[in-house]
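For the sequence shown, our numbering gives the first residue as 250, with consecutive numbering after it.
Working notes, structure below.
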Amino acid sequence: MAVLLMDVKGAFPHVARGNLIKRIKEMGFEADLVRLVESFMKARKAILSMDGKMGDIMNVETGVLQVSPVSPVRFVIYLSGLFCEVENKEEECESEGISFVDDVAWVVEGEGVGVCTERLERCAAGAQMLANENACQFDIEKTEAILFNRKRRYKKPMMKAKVRVGNHKVGYNNEARRWLGV
């Protein structure tokens, strides 16, 4: 069994207004709610301040405010299309997809590390394609692969395998990790 953990890059700051509004409409929310969300994301401005010096006023086109209590809900709605597609890809990738807020985990089973690695690579390719369609991307630096195996004497050679994720290769982590507190 193997797992590939993928994290959406810069989750809250990269929410594209047009995609969020489109997704809210697709989900059938009332027009008043659509306009309310759109109003929170229009005509926003920001000023950077460093060492007491104020920068120029800049228009802000993307992102949801992290200080707002409804921002996590907006973000989950924004990515809900991606997560639905992840679940639809499960059969094609011979995997099980698990998603939570800005994390996706692909779980595969197979006879040997080669089969598991190939399946995880299909999952990663599918996830990246879906992310591009949903105007988001995964943070390759936070991507982790974990291999579960009962045969200890074959563990070292197996751990040398790498999962191709885009142009990167992610090695199987040989240390225990916590995901969502588990």
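Beta carbons are placed, not taken as given, at the ideal position from N, Cα and C, and that holds for glycine.
Note that the structure is predicted; figures quoted are calculated from it, not measured.
Contacts around residue i, its chain only, beta-carbon distance under 6 Å, and the 5 residues preceding and following it disregarded
i, result
"Leu328", "none"
"Asp388", "Asp256 and Lys258"
"Ala366", "Note that residue 366 corresponds to Thr in the displayed sequence, not to Ala. Once the five neighbours on either side are set aside, the close Cβ partners of Thr366 are Ala410 and Val412."
"Asn422", "Glu393 and Ile395"
"Gly420", "Lys411"
Straight-line Cα distance separating residue j from residue i
i, j, result
"Val364", "Asp281", "49 Å"
"Met290", "Arg266", "7 Å"
"Glu310", "Ala384", "13 Å"
"Asp351", "Gln386", "10 Å"
"Val316", "Lys294", "16 Å"
"Gly301", "Cys372", "47 Å"
"Leu269", "Gly277", "13 Å"
"Ser320", "Ile296", "21 Å"
"Glu437", "Ser288", "Past the boundaries of the shown model lies residue 437; the chain is included only from 250 to 431, so the question cannot be answered."
"His417", "Val264", "24 Å"
"Glu341", "Val362", "19 Å"
"Ser298", "Glu370", "43 Å"
"Ile326", "Val286", "11 Å"
"Glu343", "Ala292", "44 Å"
For residue i, the three-state DSSP class (helix, strand or coil)
i, result
"Lys294", "strand"
"Lys409", "coil"
"Gly346", "strand"
"Phe278", "coil"
Cross-strand partners of residue i (DSSP beta bridge)
i, result
"Met303", "Ser298"
"Met255", "Val353"
"Ala380", "None, per the DSSP bridge assignment."
"Lys418", "Arg413"
"Glu393", "Leu254"
"Phe387", "Val257"
"Asn308", "Lys294"
Neighbourhood of residue i by C-beta distance below 8 Å, restricted to the same chain and skipping five residues each side
i, result
"Glu275", "Gly330"
"Arg284", "none"
"Ala354", "Val252, Leu253, Leu254, Met255, Gly346, Ile347, Ser348 and Trp428"
Same chain, Cβ closer than 7 Å to residue i, five either side skipped, listed in chain order
i, result
"Val414", "Ala373, Ile389 and Thr392"
"Phe261", "Gly312, Val313, Gln315, Ser320 and Phe324"
Spell out a yes or no on whether the stretch 358-368 and the stretch 300-307 are touching, meaning 3 or more CB-CB pairs, one atom from each, closer than 8 Å.
No, they do not touch.
Taking 8 Å as the cut-off, does the stretch 334-354 touch the stretch 374-382 (at least 3 CB pairs, one atom from each stretch)?
Yes, the stretch 374-382 touches the stretch 334-354.
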